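Engineer: This is the structure I want to talk about, given as C-alpha cells.
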C-alpha cells in the first residue's frame, strides 16, 4: 500500500529553518537527491526532493521523494517493497544537491535493475582519451 500525499512542492514544511536557509533549489523548488549504497559506494538512483521530502527523509529514516510526473510524494519501497533505509544525509559543497547514503533492499530502479545506471553505460573502464578515442586532452571543469 502506498503512503503518498498529493501536494505541491514548496508548501510550508517543518524542515529545520537553518537547513532550509542553506538549500539552493531549482526554480520549481526541488533539489536533486542522489541515493548511494552506504557500504559499497554504489550509486543507485537520482530522485527529487523539496523541503518536505527532505524533512520526511531526515525524520523517518526512509527516503521520501517528490515525483515530478505524478506531482506527489513517494516513499521508496512502499509499493515495490524495495526499501531505502537512510544511513546518512549530506549536502554537496554548493548546497544544491543531497547525497543520501542508504541500505538498499532489492532493486533501486523502477525497471527492476539494481541501479538506475546499469542499463545504458556510455563509457566503460575509462576508455576516454585512450589512443584512437579523441584528443587525449583532459576536460576542463567550469
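Residue numbers (the numbering used here): 1379 to 1520.
Just so you know, even glycine gets a beta-carbon here, dropped at the ideal spot from N, CA and C.
Since the model is a prediction, treat every value here as computed from it, not as a measurement.
For residue 1459 and residue 1442, I'd like the C-alpha separation in whole angstroms.
Structural biologist: The residue labelled residue 1459 in the question sits at position 81 within the chain shown. The residue labelled residue 1442 in the question sits at position 64 within the chain shown. The alpha-carbon separation between residue 1459 and residue 1442 amounts to approximately 14 Å.
Engineer: Just the C-alpha distance for residue 1440 and residue 1503, rounded to the nearest angstrom, thanks.
Structural biologist: Residue 1440 sits at position 62 when you count from the first residue of the chain shown. Residue 1503 sits at position 125 when you count from the first residue of the chain shown. Looking at the two C-alpha atoms, the distance is approximately 33 Å.
Engineer: Using CA coordinates, which residue listed in 1395, 1413, 1399 and 1406 is at the minimum distance from residue 1480?
Structural biologist: Working through the chain shown from its first residue, we reach residue 1480 at position 102. Selected option, being the one with the closest Cα: 1413.
Engineer: How big is the Cα-Cα spacing for residue 1455 and residue 1485?
Structural biologist: By one-based count along the chain shown, residue 1455 stands at place 77. By one-based count along the chain shown, residue 1485 stands at place 107. If I take the Cα positions, the gap works out to 10 Å.
Engineer: Between the Cα of residue 1446 and those of 1431, 1483 and 1438, spot the shortest distance and give me the residue it belongs to.
Structural biologist: Taking the first residue of the chain shown as 1, we reach residue 1446 at position 68. When each option's Cα is compared against that of residue 1446, the closest is 1431.
Engineer: State the Cα-Cα distance for the pair residue 1394 and residue 1461, rounded to the nearest angstrom.
Structural biologist: Locating residue 1394 in the chain shown gives position 16, where the first residue counts as 1. Locating residue 1461 in the chain shown gives position 83, where the first residue counts as 1. Residue 1394 and residue 1461: Cα-Cα distance of roughly 25 Å.
Engineer: Rounded to the nearest angstrom, how far is the Cβ of residue 1496 from that of residue 1402, given a contact under 8 Å?
Structural biologist: As a first step, residue 1496 must be located in the chain shown, where it is residue number 118. As a first step, residue 1402 must be located in the chain shown, where it is residue number 24. Not a contact, Cβ separation roughly 30 Å.
Engineer: Given that a residue counts as buried once 16 or more other Cβ atoms are within 10 Å of its Cβ, and exposed if not, what is residue 1453?
Structural biologist: As a working note, residue 1453 is residue 75 in the chain shown. Classification of residue 1453: buried, given that the 10 Å Cβ count is 16 or more.
Engineer: From residue 1419 to residue 1493, what does the alpha carbon distance come to, in whole angstroms?
Structural biologist: Translated into positions along the chain shown, residue 1419 becomes position 41. Translated into positions along the chain shown, residue 1493 becomes position 115. Answer to the nearest angstrom: the Cα atoms are 12 Å apart.
Engineer: Enumerate in chain order the residues of its own chain whose CB-to-CB distance from residue 1400 is below 6 Å, with the five nearest sequence positions on each side excluded.
Structural biologist: Residue mapping note: residue 1400 aligns to position 22 of the chain shown, counting from 1. Same-chain partners within the cutoff: 1473.
Engineer: Output needed for residue 1408: all residues of its chain with C-beta closer than 8 Å, excluding positions within five of it in sequence on either side, in chain order.
Structural biologist: The residue labelled residue 1408 in the question sits at position 30 within the chain shown. Take residue 1408, set aside five residues on each side of it, and the residues of its chain with a beta-carbon closer than 8 Å to its own are 1387, 1426, 1427, 1428, 1444 and 1446, in chain order.
Engineer: Just tell me which of 1500, 1406, 1469 and 1464 has its CA closest to the CA of residue 1449.
Structural biologist: Here the question's residue 1449 lines up with position 71 in the chain shown. It is 1406 whose Cα lies nearest to the Cα of residue 1449.
Engineer: Among residues of its own chain, excluding the 5 on either side of residue 1396, which ones have a beta-carbon nearer than 6 Å to its beta-carbon?
Structural biologist: Within the chain shown, numbered from 1, the residue matching residue 1396 stands at position 18. Correct list: empty, nothing qualifies.
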